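**Student:** Mind the numbering: the sequence shown is residues 2 to 135 in this note's numbering, read in order.
All C-beta atoms in this analysis are idealised placements derived from N, C-alpha and C, irrespective of residue type, glycine included.
Since the structure is predicted, the reported quantities are computational estimates derived from the model, not experimental observations.
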Amino acid sequence: MDDCLFCKIIRQEIPSLKVFEDEHAYAFLDINPFQRGHTLVVPKFHAKEIFHLPPEELAGMMPALQRTACLLKRKLGCDGMVIQQNNAPIAGQTVFHVHFHLVPCYEGVPLTWQPLDPKPTMEELQALAEHLRA
Ligand code: 5GP
Ligand code: ZN
2 MDDCLFCKII
12 RQEIPSLKVF
22 EDEHAYAFLD
32 INPFQRGHTL
42 VVPKFHAKEI
52 FHLPPEELAG
62 MMPALQRTAC
72 LLKRKLGCDG
82 MVIQQNNAPI
92 AGQTVFHVHF
102 HLVPCYEGVP
112 LTWQPLDPKP
122 TMEELQALAE
132 HLRA
């Protein structure tokens, strides 16, 4: 879709910090992470909310979702992970292309559902993405 932020990221028209990609899905670091390694996994097929995503596209992106989750766990050594997907503004959705949040959880680091403060620098996020892709 022409004016969709995440479609533009998938097409590389807007820069992003890629973590993983396959035929069906694209995974990249959230620019305002709630925890270290907070990653978004999006289907390459544009759909505003999960209600509109063809089931075969949803099924097609699940291996990438799991691979990305395993990658984060292995590379970051997190103790757990929340996977969340918001639909419509009432549910907290702000970008209208289906996406799953993968939020690593660490013992002793409370998850506040707020962006980390201080926010990681672009250099830190770049280094993290490189570490995850290596
Ligand atoms: P939502 O609130 O729609 O479930 O989540 C949207 C997420 O997209 C937010 O966590 C926000 O930080 C992230 N986000 C918004 N714009 C950009 C962007 O340009 N690049 C990246 N990497 N993440 C973005
Ligand atoms: Zn889109």
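1) In whole angstroms, give me the CA-to-CA distance for Leu129 and Leu103.
2) How should Val110 be labelled, buried or exposed, when 16 other C-beta atoms within 10 angstroms of its C-beta is the threshold for buried?
3) Take Ile84 and list the residues in its own chain whose beta-carbon comes closer than 8 Å to its own, dropping the five residues that flank it on each side.
4) Given Thr113, which residues of its chain have a CB within under 8 Å of its CB, disregarding the five upstream and five downstream residues?
5) With which residues is Val104 paired in a DSSP beta bridge?
6) I'd like the list of long-range same chain contacts for Cys8, defined as Cβ closer than 8 Å, with 5 residues on each side in sequence excluded.
**Tutor:** So, from the listed chains and residues:
1) Counted from its first residue, the sequence shown places residue 129 at position 128. Counted from its first residue, the sequence shown places residue 103 at position 102. The alpha-carbon atoms of Leu129 and Leu103 are separated by roughly 15 Å.
2) Taking the first residue of the sequence shown as position 1, residue 110 is located at position 109. Answer is exposed; the Cβ neighbour count stays below 16.
3) Walking along the sequence shown from the start, residue 84 turns up at place 83. The residues are Leu66, Ala70, Phe101, His102, Leu103, Val104.
4) Position 112 of the sequence shown holds residue 113. Contacts found: Phe35.
5) Counting from one through the sequence shown, the residue named residue 104 turns up at place 103. In the DSSP output, where bridge partners are listed per residue, Val104 has Val83.
6) Stepping through the sequence shown from its first residue, residue 8 is reached at position 7. Counting only Cβ-Cβ distances below 8 Å, and skipping sequence neighbours, we find Met2, His47, His98.
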